[in-house]
Amino acid sequence: MGPITPELADAIESLIDTPVLLVALDFDGTLAPLVDRPEDARPLPAAAEALAGLSALENTVTALISGRDLASLRAVGSPPEQTLLVGSHGTERWAPEIFGADDEHIDLSSAQSTALAKATGILEAISAAHPGTTLEYKPAAIVLHVRQAATEVATAALHAAHGQLDDIENLQALDGKAVLEASVLVGTKGDGLNWLREVADATTVVFAGDDVTDEDAFAVLRPGDIGVKIGSGTTKAQFRLNGPGELPALLDSILDMRSL
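Here's what the structure looks like:
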């Protein structure tokens, strides 16, 4: 039996009649397997091919929605030209001119810049004291990665980070899979998905994601939409796939249905 359950197949079949379909995907852990170094991530070829096919269809809009900033997302994702992009957990937004939407870019205030500098100093010290941890620098955030560290070291690093970051004004700490992101921008992937729905004028949404932050997007799905959790963990999504390797089957099934 393939990864598409009968229940998911029935849900996909219902997409044939929706006037405008939005297919929105998280990137890391969904379109691309998780890797130790963020800059090494790439979409699985079969998933990228199916996404390109969907983006070329009439009345079907594709989007990527990620915690990455848009520059990083474009660099590793090489998204199809027509694909809408949401980065930095919903706070950065871009759409092709045909959609007539206002983009959102990063423009930090003095207070935000100060908070980011404080957080960066704290996480640099913590990372230096915890072997195997690494840092990722973003325009509006600093990210502590603990995937390569020993379990006890990773736990200690994350605990120390929370203890020292929680009192910084104009900063939010976001937990993910083996990461902690300290961001001076306030937003969620739910906010981003709502913006995508509005811009695309979508009547139905399919969203797939794997991380804790993707739950905010699953939470704003409406009746008739399809949410697909990639991997393990509790979720608000109705359906689940075991990992990024099963995503092409989902995208191909949607492509086949929308091509009829």
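Our numbering applies: residue 116 is where the sequence shown begins, and numbers increase by one. All C-beta atoms in this analysis are idealised placements derived from N, C-alpha and C, irrespective of residue type, glycine included.
| query | result |
| --- | --- |
| Taking 8 Å as the cut-off, does the region 332-352 touch the region 162-174 (at least 3 CB pairs, one atom from each stretch)? | no |
| Can A232 and V201 be called in contact, C-beta distance under 8 Å? | no |
| Can you have a look at P194 and say buried or exposed, based on whether 16 or more other CB atoms are within 10 angstroms of its CB? | buried |
| Contact between the region 271-281 and the region 136-156: three or more CB pairs below 8 Å? | no |
| When the Cα atoms are used, what is the spatial distance from M372 to L300? | 38 Å |
| Can you check whether the CB of L375 is closer than 8 Å to the CB of I119? | no |
| Please state the DSSP three-state secondary structure of D290. | strand |
| Does V314 come out as helix, strand or coil in the three-state DSSP assignment? | helix |
| Quick one: residues in its chain with C-beta nearer than 8 Å to the C-beta of G291, no 5 flanking neighbours on either side, listed in chain order? | G182, D326, V327, T328 |
| Between V135 and A317, which are expected to be in contact by the criterion C-beta below 8 Å, what is the C-beta distance as a whole number of angstroms? | 5 Å |
| Going residue by residue through the region 295-371, where are the continuous beta strand (DSSP E) segments of at least 3 residues, counting only ones entirely within it? | 319-324, 341-345, 354-356 |
| For my contact list, M369 and V138 are in at a C-beta cut-off of 8 Å; report their separation, rounded to the angstrom. | The sequence given here places Ile at residue 369; Met does not occur at that position. Right, their Cβ atoms sit about 6 Å apart. |
| Do E207 and D222 have their C-beta atoms closer together than 8 Å? | no |
| In whole angstroms, what separates the C-alpha of E239 from that of A332? | 31 Å |
| Using CA coordinates, which residue listed in V268, E296, H220, R189 is at the minimum distance from A234? | E296 |
| Quick check on DSSP: helix, strand or coil for A276? | helix |
| Let me check understanding here. Comparing Cα to Cα, which of E154, L140, A216, R152 lies closest to A163? | L140 |
| Under 8 Å between the Cβ atoms of A315 and L199? | yes |
| Looking only at its chain, what residues have a beta carbon closer than 8 Å to the beta carbon of I247, apart from the 5 residues adjacent to it on each side? | A quick correction: the sequence has Gly, not Ile, at residue 247. So the list reads V261, Q263, A264, A265, V268, A269, once near-sequence residues are dropped. |
| What does DSSP give as the partner residue(s) for T175 in the beta ladder? | L136 |
| Do A272 and I241 count as a contact pair if the criterion is CB distance below 8 Å? | yes |
| Suppose you measure from the CA of E161 to the CA of P363; what does that come to, to the nearest Å? | Looking at the sequence shown, residue 161 is not Glu but Ala. Distance between the alpha carbons of A161 and P363: 6 Å. |
| Using only CA atoms, which one of W310, K304, L286, G307 lies nearest to Q227? | L286 |
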